[in-house]
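**Student:**
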Amino acid sequence: MVDAATGTMTWVPTRSAHTRDERANRRLREELAAIDGILPGSVVERRMRCGKAGCRCRADPPELHGPYLQWTRRGPGGRTVTRYLSPEQVERYRPWFDNARRLREIVSELETMTLHLVEREEGWETAP
Ligand SMILES: [Zn+2]
Numbered sequence: 002m003v004d005a006a007t008g009t010m011t012w013v014p015t016r017s018a019h020t021r022d023e024r025a026n027r028r029l030r031e032e033l034a035a036i037d038g039i040l041p042g043s044v045v046e047r048r049m050r051c052g053k054a055g056c057r058c059r060a061d062p063p064e065l066h067g068p069y070l071q072w073t074r075r076g077p078g079g080r081t082v083t084r085y086l087s088p089e090q091v092e093r094y095r096p097w098f099d100n101a102r103r104l105r106e107i108v109s110e111l112e113t114m115t116l117h118l119v120e121r122e123e124g125w126e127t128a129p
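Per the working numbering, the sequence shown starts with residue 2, numbered consecutively.
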């Protein structure tokens with residue numbers, strides 16, 4: 002509803018039917034507040050070929066080097082930054098990689114929720 006004093010939207014439900022939405026909204030905000038770190042980019046497992054002539058990675062069939070855990074992200078100026086991580090590092094930083102994904106989900110859920118709220122507030126709802 003619109004707060005008369007400030008003129009801003011708040012999550013105070015106007016009808017009991019909205020309590021469920023308010024609870025879901027609070028849950029999302031609590032989850033959001035608990036996020037302590039976020040790592041951008043993605044980690045992929047890669048097997049590679051080296052430049053050494055006669056190496057097993059050039060045999061038929063080839064035995065590629067690796068697997069290497071490659072972390073790629075966009076750096077300053079949009080250039081790609083690549084780091085190789087050990088399995089231990091991937092495990093250690095996993096919560097922060099997971100947070101990046103969860104943050105996108107939360108943003109999307111809050112967006113949908115807010116859209117519904119606005120549709121309701123403005124009487125734009127088409128559903129019965
Ligand atoms: Zn090789």
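We put the CB at the ideal spot given by N, CA and C, even for glycine.
Taking all protein chains shown into account, decide if residue 125 is buried (16 or more other Cβ within 10 angstroms of its Cβ) or exposed.
**Tutor:** Label assigned to residue 125: exposed.
**Student:** Can you tell me which residues fall inside 7 Å of ligand 1, judged by beta-carbon distance to its nearest heavy atom, and keep chain order?
**Tutor:** Listed by chain position, these are 50, 51, 53, 56, 57, 58, 59, 66.
**Student:** Ignoring anything shorter than 3 residues, give me the beta strand (DSSP E) runs that lie fully in the segment 76-123, in order along the chain.
**Tutor:** The segment 76-123 contains these whole beta strand (DSSP E) runs: 81-86.
**Student:** Pairs of beta-carbons, one from the segment 53-65 and one from the segment 82-102, closer than 8 Å: are there three or more?
**Tutor:** Because the criterion of three Cβ pairs below 8 Å is not met, the segment 53-65 and the segment 82-102 do not touch.
**Student:** Return the Cβ separation of residue 105 and residue 69 in integer angstroms, given the expectation that the two are a contact with Cβ distance under 8 Å.
**Tutor:** The pair is not a contact, with the Cβ atoms about 26 Å apart (cut-off 8 Å).
**Student:** Would you mind giving the Cβ-Cβ distance between residue 156 and residue 114, rounded to the nearest angstrom? I have them listed as a contact below 8 Å.
**Tutor:** Given that the chain is displayed from residue 2 to residue 129, the structure contains no residue 156 and the question cannot be resolved.
**Student:** For residue 97, I'd like the list of residues in its chain whose CB is within less than 7 Å of its CB, leaving aside the five on either flank, ordered along the chain.
**Tutor:** Hits under 7 Å: 38, 39, 40.
**Student:** Using the rule of at least 16 other Cβ atoms within 10 Å of the residue's Cβ for burial, across every protein chain shown, is residue 33 buried or exposed?
**Tutor:** Residue 33 comes out exposed.
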